Amino acid sequence: MGDSLRGAKQILWSSWEDQIMRNGLAIRTDIEVGELRRHARLEADGRVAARLLAIANALSGMSRQAAAEAAGMDRQTLRDWVHRFNADGIAGLSDRPRSGRRTRLGEGEQAVLKAMILRGPDPETDGVSAWRVADVCRICSERFGVDYTEAGMLRLMKGLDLSHQKTRPRHPQSDPAAQRDFQKGGWRER
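Here the sequence shown is numbered in this note's numbering, starting from 11 and rising by one per residue.
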């Protein structure tokens, strides 16, 4: 009797397993395939676009393995994204924020640093006429007591929506009218 029970469980298990393998994990269908493809075209993040296309391919009848490979992922990875898509929709396909090391400057100090950078250097007090990353690192160390490498300062500046690019220098004695005339191909006599 134990063998027949074991055989019955095995038959039930294999029929359930066959059904899962045949049907796969159900994907929500409230968003049409065309809409998923449209979102994928408009998506700025390439990874989210690939996830959208993989789900759209699976919904349009492609096998899960083929849909995953077409999107550059494994079948199991596609299954994980289907779970997120079923729970949260298209928004669930974006990467969640990751925890990481906090910046060494507090929010108030970051605001002061950003205002200082936007205001520009004072040649008499700061000793420079234009901010360089090395200068900002030095000023940050002097004023806030926090040392940053240049790469770390660039990351911090990017987080503050600042660019490390400098404007094109202009000579103080330049003549804008003469430059305009020269660019137009004309030359005027002085």
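Where is the CB? At the ideal position from N, CA and C, for every residue including glycine.
Keep in mind that this is a model prediction, so the values were computed, not measured.
For GLY162, report the span of its alpha helix (DSSP H) as first-last. Looking at the DSSP string, the run of the alpha helix (DSSP H) that includes GLY162 is 160 to 169.
Three-pair Cβ contact test at 8 Å for the stretch 83 to 96 versus the stretch 58 to 67: Put simply, the stretch 83 to 96 touches the stretch 58 to 67. At least three CB pairs are less than 8 Å apart.
Taking C-beta to C-beta, are SER104 and ASP55 nearer than 8 Å? Using a Cβ distance threshold of 8 Å, SER104 and ASP55 count as a contacting pair.
Where does ILE37 fall in DSSP's three states? In this structure, ILE37 counts as coil in the three-state DSSP scheme.
Can you tell me whether DSSP reads ALA72 as helix, strand or coil? Note on identity: in this sequence residue 72 is Met, with Ala being the wrong assignment. Three-state DSSP puts MET72 in coil, outside helix and strand.
Would HIS174 and ILE100 qualify as a contact pair, given that the criterion is a beta-carbon distance under 8 Å? Taking 8 Å as the Cβ cut-off, HIS174 and ILE100 do not qualify as a contacting pair.
When SER184, GLY169, VAL143 and ARG153 are compared against THR159, the one with the closest alpha-carbon: When only C-alpha atoms are compared, the closest one is VAL143.
Per-residue DSSP class, three states only, for ARG51: Secondary structure at ARG51: helix, using DSSP grouped into helix, strand and coil.
For THR87, does the three-state DSSP call read helix, strand or coil? In the three-state DSSP reduction, THR87 falls in the helix class (H, G or I).
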